[in-house]
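At position 391 of the sequence shown the residue is numbered 1477 (the numbering used here), and the sequence of numbers has no breaks.
Where is the CB? At the ideal position from N, CA and C, for every residue including glycine.
None of the values given here were measured: they were computed from a predicted structure.
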Amino acid sequence: MEVGVVGKPNVGKSTWFNALTLLDAPMAPYPFTTIKPNRGVAAVRSPCPHVEKGTPCTPGNAKCVDGTRWIPVSLVDVPGLVPGASTGKGLGHQFLDDLRSADGFVQVVDLTGGTDAEGRIVPPGTEDPAREVVWLEAELVAWIAEILGRDFGRAAKGVELEGKKVEDLLGERLTGLSISPAAISAALRNAPVDRARPSLWSDTDRVEMARALLRASKPRLVAANKCDRSQPADVDRLQGEVRPIPVAPTAADAELTLRRAARAGLIEYRPGDAAFRVVDAARLSGAQTKALGDIQAILTRWGGTGVQRSLESMVFDRLGLIVVYPVEDETHWTDGRGRVLPDALLVPAGTPARAAAYRVHTDLGDHFIRAIDGRTHRALAADHALEPNAVIRIVARK
Ligand SMILES: Nc1nc2c(ncn2[C@@H]2O[C@H](COP(=O)(O)OP(=O)(O)OP(=O)(O)O)[C@@H](O)[C@H]2O)c(=O)[nH]1
Ligand SMILES: [Mg+2]
């Protein structure tokens, strides 16, 4: 599972990425600071079941802090896209291929309207961030249309002659793009194209198909960044214009400062919170005290920096993922070595028990007999849809 961070140059993509991963991807107030993709691991919060059990947990992949699990999520931050990237403008769109494995996109926009389409600084309010959401979609669509191939019609002719389905050809062409067969079928239903005769599709049809594929397979969320220099009304206006894509205000710069200050031991701050505590005011310089004071005002005005929340909204609401905890002992919620709730997995809501078993190990999926619910101790069949925060033991043939 991976989330792609996209948008035009100089809007704060790398800052948003660094704030969530605490990495040091280069950031600067001019376009094309990022020239090759940055990959890193962020985390989303979920209540840990150890609290209801009353036993401390022994986390493996996802640390637990005060009853909250931090579940890892991969991010990829790419160079800025400009209108016309698909025809080679800016850095072109060759790096879009680094987004192939992304399951969804967070588009960072400059809510202040203070950067032009190429990422140059302009007076606030000059640009309309809603416009970049529209053209960025067009660029992503052009990218997918290119992957479908200009020879799609010719290839489809062969498929028709062999009596095969267009789904098969689409699946083949889209390999490695993290698009499920279900999403391909949904896109085919929604695209205004003649499903029976793909060999007759025009270039426009191919682009419409690409648009339907993007919409069916890659959930998006707009991070309205630099909200520290904007008003809540700006968020409402943007939301009104880009519906149904949700908009979340973010102050990435403030979040990055807080996380680095917390790492340096200067403050206590839990990402997502609307406040922090200075550990020792005497250790702060005058400039640091002033900067933190300004940031506290942002937190108070916006209820937090919004960065952690925007990622969680992407993961839980848009990608529809839930957390499940596989264990080997359904009474004590332990693995074979006695570790309590060692693993937390992110899976799509509605994942059947057997599919979750596959996520743990191929053998467990292949030899699946049943799962056992750690709370009710009831047996769950292979097709039973798991609940959020399920604790399950998987019983498999030896
Ligand atoms: N006011 C304000 N400035 C921000 C915020 N986030 C980022 N910036 C500034 O925006 C500028 C660009 O940030 P980057 O993170 O390099 O932007 P980018 O989108 O990765 O840029 P490219 O890699 O060039 O496409 C930097 O000067 C940041 O400090 C924010 O929340 N508020
Ligand atoms: Mg960047």
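Query                                                                                                                                                                       : Result
Could you give the distance in angstroms between the alpha-carbon of residue 1377 and the alpha-carbon of residue 1210?                                                     : 22 Å
For residue 1205 and residue 1117, which I take to be in contact (beta-carbon distance under 8 Å), what is that distance rounded to the nearest angstrom?                   : 3 Å
Would you tell me roughly how many angstroms separate the C-alpha atoms of residue 1214 and residue 1417, rounded to the nearest one?                                       : 56 Å
Could you tell me the alpha carbon to alpha carbon distance between residue 1339 and residue 1137, rounded to whole angstroms?                                              : 33 Å
Just to confirm before moving on: does the CB-CB distance between residue 1476 and residue 1433 stay below 7 Å?                                                             : no
With distances taken Cα to Cα, identify the nearest neighbour of residue 1430 among 1224, 1438, 1419.                                                                       : 1419
Can you have a look at residue 1463 and say buried or exposed, based on whether 16 or more other CB atoms are within 10 angstroms of its CB?                                : exposed
Check whether the segment 1087-1099 touches the segment 1184-1194, taking contact to mean three or more Cβ pairs, one atom from each stretch, closer than 8 Å.              : yes
How about the segment 1339-1355 and the segment 1122-1129: do they share at least three Cβ pairs that are nearer than 8 Å?                                                  : no
Who does residue 1191 pair with in a DSSP beta bridge?                                                                                                                      : 1090, 1306
Please give the ranges of any alpha helix (DSSP H) in the segment 1406-1480, keeping only runs that are unbroken, at least 4 residues long and fully inside the region.     : 1439-1446, 1448-1452
Just checking my contact of residue 1479 with residue 1460 at CB under 8 Å: how many whole Å lie between their CB atoms?                                                    : 7 Å
With a threshold of 6 Å on Cβ separation, who are the neighbours of residue 1265 within its own chain once the five nearest residues in sequence on each side are excluded? : 1303
Note down, one range per segment and in chain order, each alpha helix (DSSP H) of at least 4 residues found wholly within the segment 1303-1381.                            : 1318-1328, 1338-1349
Pick helix, strand or coil for residue 1126, following the three-state DSSP scheme.                                                                                         : strand
Taking a contact to mean a Cβ-Cβ separation below 7 Å, would you say residue 1182 touches residue 1103 in this structure?                                                   : no
Does the beta-carbon distance from residue 1335 to residue 1310 come in below 7 Å?                                                                                          : yes
Which whole-angstrom value describes the C-beta separation of residue 1288 and residue 1246, a residue pair presumed to lie in contact below a C-beta threshold of 8 Å?     : Actually they are not in contact, since the Cβ atoms of residue 1288 and residue 1246 sit about 16 Å apart, beyond 8 Å.
Would you grab the beta carbon distance between residue 1096 and residue 1212 for me? Rounded to a whole angstrom, and I think it's under 8 Å.                              : Not quite, the Cβ-Cβ distance comes to about 13 Å (not below 8 Å), so this is no contact.
Leaving out five residues on either side along the sequence, give the residues of the same chain with a beta carbon under 8 Å from the beta carbon of residue 1389.         : 1360
Around the Cβ of residue 1225, are there at least 16 other Cβ atoms within 10 angstroms (buried) or fewer (exposed)?                                                        : buried
Apply the 10 Å Cβ neighbour rule to residue 1124 and answer buried if 16 or more other Cβ atoms are within range, or exposed otherwise.                                     : buried
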